[in-house]
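Numbering of the sequence shown is given in this note's numbering, commencing with residue 998 and proceeding in unit increments. First up is the structure itself, then whatever we jot down about it.
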Amino acid sequence: MASRRQSGNAKSEPKGFGLRLLDEIQNEGIVHHELVARIEQLTKRNLISYYSLFEHPAGTIADHDPQLIETLLQSMDLKRYPDTLDLMLNSPGGSPTAAEKVVLTCRAYAKSFRVIIPQSAMSAATMIAMGADSILMTETSELGPIDPQMIFQVPGGHSTIRPAKAFIDAYADLVSKTQEAILAQKPPQPYIELLRKLDPSWIQVCLKARKLAGQIAVDFLSRWMLHGSTHEVIEKVVGEFLAQGEEGSHGRAIRAEKAKSFGLHKIETIPNGQELWKTIWELYQRAQRYLQQRGLAKYLVARNGGINVQAQVMQIS
């Protein structure tokens, strides 16, 4: 009898920190699913989360992303929180057309669509936020200029990411310096040699991508967040987000109050310390660590599963 009592006590004994930590490491995905479900309970809205590795070109918003998001949406019982969808988004940006498809895909599954930004939604990710009915931010999270992020092949076959405006400005600067050298009767050859290394057709691609980003942003705001505002008002808002990329770094922070001053009034800020803020931050931190530990470019997760996106290979868990 004594031995049975000892066995029973052993079963009810709580796990120590070491075993709990091992459980979390070995079942990290399950922990993420539970955190998503906890956020849903707090907001009473369906939630999917999208995280990117900022340093990797494959982490940019791309044409395959809408399909990945739809895969998650198709696997969820959206009737749990009818007609609602939150997209938690942490991304450096990417393709304007891919951003447009992401918004249209999300809106096909919900009447009320909101974007949650735990840390950073730059470039095309800011455009996705503009396609929502409202935006939920923390006091430290940020939007960015909507200048598209361009993937560019560098010598050696590697890819890098640069904002479209950086290529446009570099080309215009070299043309200007070439003309100045000629007018000053100085050798223009150094600038001409550098110009030869820049493909004019690529500059055209950058110009068109930048123009398209502005057009899509105006369309989004006209249809949803700023519906009812005049075209002039909406163009002014979009102009502010384009100008930020012209005036400084592409990664320049646009926090909630600044975005509101630009005209994006439907932004709610979660005060630090609230349970919702803590849970969103925990999910974000865990997801970013998961990205880095697994060498992933992207990670999408819902309450019932997740998708791992690697540089060349996509794995579904």
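Here a beta-carbon is modelled for each residue, glycine too, at the ideal position from N, C-alpha and C. Small disclaimer: the values here were computed from a predicted structure and weren't measured.
Q | CB contact below 7 Å: Q1038 versus chain C | A | Going by chain labels, chain C is absent from the structure shown, which holds only one protein chain.
Q: Please state whether DSSP places Q1003 in a helix, a strand or coil.
A: Here Q1003 scores only 43 on pLDDT, less than 50, and its place in the model is too uncertain to base an answer on.
Q: Using three-state DSSP, classify F1051 as helix, strand or coil.
A: Assignment of F1051 by DSSP, reduced to helix, strand and coil, places it in the coil class.
Q) In whole angstroms, what separates the C-alpha of I1277 from that of C1203? A) Cα-Cα distance, rounded: 35 Å.
Q.
In whole angstroms, give me the CA-to-CA distance for Y1047 and A1169.
A. Rounded to whole angstroms, the gap between the alpha carbons of Y1047 and A1169 is 36 Å.
Q. Taking only runs of the beta strand (DSSP E) that begin and end inside the stretch 1075 to 1160, which ones reach a length of at least 3 residues, in chain order?
A. Unbroken beta strand (DSSP E) stretches of 3 residues or longer found wholly inside the stretch 1075 to 1160: 1081 to 1087, 1109 to 1114, 1131 to 1135, 1146 to 1150 and 1156 to 1160, given in chain order.
Q | Pairwise C-alpha distance: D1144 and R1111 | A | Between R1111 and D1144, the C-alpha separation is close to 22 Å.
Q. Taking D1130 as the reference, which of Q1176, L1065, R1220 and K1194 has the closest Cα?
A. Of the residues Q1176, L1065, R1220 and K1194, the one whose Cα lies closest to the Cα of D1130 is R1220.
Q: Determine the extent of the alpha helix (DSSP H) in which K1275 is found, giving its start and end residues.
A: Secondary structure note for K1275: its alpha helix (DSSP H) is the uninterrupted segment E1272 to R1291.
Q.
So, with DSSP's three-state summary, where would you put G1026?
A. Look at G1026 here: in three-state DSSP terms it is helix.
**Q.** CA-to-CA distance, H1262 to V1230, given in whole angstroms
**A.** Distance between the alpha carbons of V1230 and H1262 is about 12 Å.
Q. Per DSSP, what kind of secondary structure is K1233 in: helix, strand or coil?
A. K1233: helix per DSSP, three-state reduction.
Q: State the beta-bridge partners of G1303 as determined by DSSP.
A: Bridge partners of G1303: V1298.
(Q) When you compare the CB positions of H1030 and R1286, do they come within less than 7 Å of one another, or not? (A) Using a Cβ distance threshold of 7 Å, H1030 and R1286 do not count as a contacting pair.
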